[in-house]
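Per the working numbering, the sequence shown starts with residue 2, numbered consecutively.
Note that CB positions come from ideal geometry on N, CA and C, so glycine has one too.
Report on one structure; see the data block that follows.
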Amino acid sequence: MFDAIFGRDNRSKIEALNKSQTIIEFLPDGTIITANANFLNAMGYDLAEIQGKHHSIFIDPAEHGTAGYKGFWASLARGELSKGQFKRIGKGGREIWLEASYNPLLTRSGKVYKVVKYATDISAEKAATADLLGKLSAISRSQAVIEFQLDGTILTANENFLNAVGYTLAEIQGRHHSIFVDAAERDGAEYRGFWTRLAKGEYLTGQFRRITKTGGEIWLEASYNPILDANGRPHKVVKFAADITGRKRQNAELATSFETGVQALVRELAGSAKGTEQSAQTMAAAAEESNQQSSMVAAASDQLAASVSEIGRQIADSARVIETAVSEARRSEQMVGELVAAAQKIGDVTQLIGEIAAQTNLLA
């Protein structure tokens with residue numbers, strides 16, 4: 002009864018494994034006996050294409066005949082279990098990664114009669130891991146990287162970080178991050194709060210002033226990244242940083258130069274403003290003088306207008322006198338005297354015109 006129950010139980014287990022695992026069976030020398038559908042699908046073969054062939058069709062040709070590969074099958078033939086992650090080659094040369102165990106099955110006498118391999122295709126996970134490791138490697142080559150426990154104790158650091166601060170790994174491993182911090186900052190509440198926030202899982206980024214082994218100043222553009230475990234709880238902090246000390250100094254020099262330039266400009270503008278004020282005062286005085294001269298010109302213009310009016314009146318009178326004198330000269334010699342008198346008046350008019358011309362030149 003129990004044998005029947007155990008038999009059914011074993012068959013059920015095998016069926017379950019057959020559905021979820023890639024399974025292939027070998028003779029102790031590596032010759033393929035059979036494989037399930039999962040294995041065939043993963044490798045891209047039909048059963049007829051691999052049955053009776055050697056396991057070596059699934060490995061890189063460079064590995065064929067090596068001592069390691071021969072030893073692999075020798076250990077299985079002795080009944081030793083082998084498990085791990087294995088790179089295999091599918092049909093057409095496609096690379097496949099399997100998480101597998103090679104299980105020798107023994108006869109009652111303890112002799113290996115076949116080897117069953119149970120495997121899971123981890124090609125996608127392996128590719129993702131390789132991609133992630135590649136990115137981390139690229140970051141490590143270009144960035145200064147250091148890792149801490151949640152309390153700030155140093156776990157490890159890469160070469161870029163060690164070169165930046167001037168320490169060796171042995172000199173800092175196991176010590177606290179505070180060795181990189183100025184004493185005045187180290188004892189402050191803000192610094193203690195910094196590690197409290199990181200331990201809670203907060204991500205912190207910014208520009209940080211740090212102290213090197215020799216006491217020199219270094220500036221880092223950095224991010225402190227809490228790393229979570231499988232349960233979503235922080236278990237360490239990784240810092241990625243770039244040394245920006247040179248840029249900081251250049252910015253400080255630029256700021257000083259800019260400030261000097263601004264101060265010079267302010268002084269120049271102040272001088273220009275003073276000159277403008279003096280010019281404005283000069284213009285105001287000139288405007289006042291011009292106003293006075295305008296008043297004088299207006300008065301002179303009035304006088305000139307009156308003089309011109311008088312000239313017109315006297316010329317009209319003179320013309321009438323001359324006309325009368327000419328007409329009367331024919332009648333009487335007495336009129337000659339009047340003509341002379343009229344001529345004298347014309348002379349007076351001419352003198353007046355000269356005076357007016359002189360006044361006009363003066364105004365101009």
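Asked: Who does Ala236 pair with in a DSSP beta bridge?; Found: Position check: residue 236 holds His in this sequence, whereas Ala was assumed. None, per the DSSP bridge assignment.
Asked: Let me know if Thr206 comes out buried or exposed under the rule of 16 or more other beta-carbons within 10 Å of its beta-carbon.; Found: exposed
Asked: In terms of residue numbering, what span does the alpha helix (DSSP H) encompassing Gly72 cover?; Found: 68-78
Asked: Ordered along the chain, which non-local residues of its own chain (more than five positions away) have a Cβ less than 6 Å from that of Asn161?; Found: Ala145
Asked: Buried or exposed: where does Arg211 fall if 16 or more other Cβ atoms within 10 Å of its Cβ makes it buried?; Found: buried
Asked: Can you name, in chain order, every residue of its own chain whose Cβ lies under 6 Å from the Cβ of Lys118, other than the five neighbours on each side?; Found: Ile25, Ala101, Tyr103
Asked: Could you tell me the distance, in whole angstroms, from the CA atom of Leu156 to the CA atom of Gln208?; Found: 22 Å
Asked: Taking a contact to mean a Cβ-Cβ separation below 8 Å, would you say Pro29 touches Val166 in this structure?; Found: no
Asked: Report the start-end ranges of each alpha helix (DSSP H) in the region 75-148 that is 4 residues or longer and not cut off at the edges.; Found: 124-143
Asked: For the alpha helix (DSSP H) containing Phe40, list its first residue and its last residue.; Found: 38-44
Asked: Would you call Lys240 buried or exposed, if buried means 16 or more other Cβ atoms sit within 10 Å of its Cβ?; Found: buried
Asked: Could you give the C-beta distance for Ala185 and Leu170, rounded to a whole number, given that I count them as a contact under 8 Å?; Found: The pair is not a contact, with the Cβ atoms about 27 Å apart (cut-off 8 Å).
Asked: For Glu200, which residues of its own chain have a beta-carbon under 6 Å away from its beta-carbon, when the five flanking residues on both sides are left out?; Found: It is Ala, not Glu, that sits at residue 200 in the sequence shown. So the list reads Leu151, once near-sequence residues are dropped.
Asked: When the Cα atoms are used, what is the spatial distance from Pro227 to Trp196?; Found: 10 Å
Asked: Would Glu269 pass as a contact of Ile245 if the rule is Cβ separation under 8 Å?; Found: no
Asked: Which residues bound the alpha helix (DSSP H) around Arg193?; Found: 190-200
Asked: Counting only the same chain and skipping the five closest in sequence on each side, list residues whose C-beta sits under 6 Å from that of Ile121.; Found: In the sequence as presented, Ile is not what sits at residue 121; that position holds Thr. Here the set comprises Glu100.
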